[in-house]
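Heads up: the sequence shown begins at 63 in the numbering used here, then just goes up one per residue. By construction, the Cβ of each residue, glycine as well, lies at the ideal position given by its N, Cα and C atoms. Source: prediction; values computed, not measured. Below is one structure, written out as structure tokens, with a few remarks after it.
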Amino acid sequence: MMYMLLSLSTTLSFTFLFLEHPLTLGLILFIQSICMCMISGLMFKSFWFSYIMLLIYLGGILILFMYVTSLIPNQLFSYSTPTFLLIIFFPIDLTLLIIENLEFHTSLYENMENSSFLNIPTSYFLLKMYNKPINMITILIATYLFLTLIAVVKIVNIHKGPLRKSK
Numbered sequence: 063m064m065y066m067l068l069s070l071s072t073t074l075s076f077t078f079l080f081l082e083h084p085l086t087l088g089l090i091l092f093i094q095s096i097c098m099c100m101i102s103g104l105m106f107k108s109f110w111f112s113y114i115m116l117l118i119y120l121g122g123i124l125i126l127f128m129y130v131t132s133l134i135p136n137q138l139f140s141y142s143t144p145t146f147l148l149i150i151f152f153p154i155d156l157t158l159l160i161i162e163n164l165e166f167h168t169s170l171y172e173n174m175e176n177s178s179f180l181n182i183p184t185s186y187f188l189l190k191m192y193n194k195p196i197n198m199i200t201i202l203i204a205t206y207l208f209l210t211l212i213a214v215v216k217i218v219n220i221h222k223g224p225l226r227k228s229k
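Structure (structure tokens):
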């Protein structure tokens, strides 16, 4: 599962470089955020942090979607054939490379499975975010988000109304 998510994430990152339409870029960003949240959930052995991260990403993507639709409401979607073929064949090549190296990774995972590291309860994984080396980063992120919230509230003029005008 982790290999599929990592290959999907790499493919989406590669595809993001070749797209031009804002809505397809938003779709790739949405799928990439779901993929990253799944990867972080599998790594932390708990999905609550990745669920919160996904909700924050979705809020940001919705704001970007509203902004883009107000600026470019009628732009047509078009693609070039070489770019489309490159987008199709890159994941196939990446999947073949992963399958080729899967035997090495499977034996590595089986060795890790027998170690005592995986016998640690899940609650210890959740405490990593609040323990000594990482707790300052968590406080910094919370402070940054709070200051950003204050800045956005000060920048937005309530009397001018929404970005998109109704008819």
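Annotation: the continuous alpha helix (DSSP H) that includes M128 extends over W110 to L133. Note on geometry: alpha-carbon atoms of A204 and T143 lie some 45 Å from one another.
DSSP places L91 within a helical segment (H, G or I) once states are collapsed to three. For F152, same chain residues with a beta-carbon under 8 Å away, outside a window of 5 residues either side, are T73, F76 and T77 in chain order.
Under a 10 Å Cβ-count criterion, M100 is classified as buried, with 16 or more other Cβ atoms of the shown protein chains found around its own Cβ. At the C-beta level, I96 and L116 come within 8 Å of one another. For L124, same chain residues with a beta-carbon under 8 Å away, outside a window of 5 residues either side, do not exist.
In this structure L104 touches M63 by the C-beta definition: roughly 7 Å separates them, less than 8 Å. I196 and L211 have their C-alpha atoms spaced approximately 23 Å apart.
DSSP, reduced to helix, strand and coil, places L81 outside both helices and strands of the structure shown, so it counts as coil. By the 16-neighbour rule on beta-carbons within 10 angstroms, S140 is exposed. The Cβ atoms of F92 and S102 do not sit closer than 8 Å to each other. With respect to the 8 Å criterion, M98 and S71 are classified as neighbours on the basis of their beta carbons.
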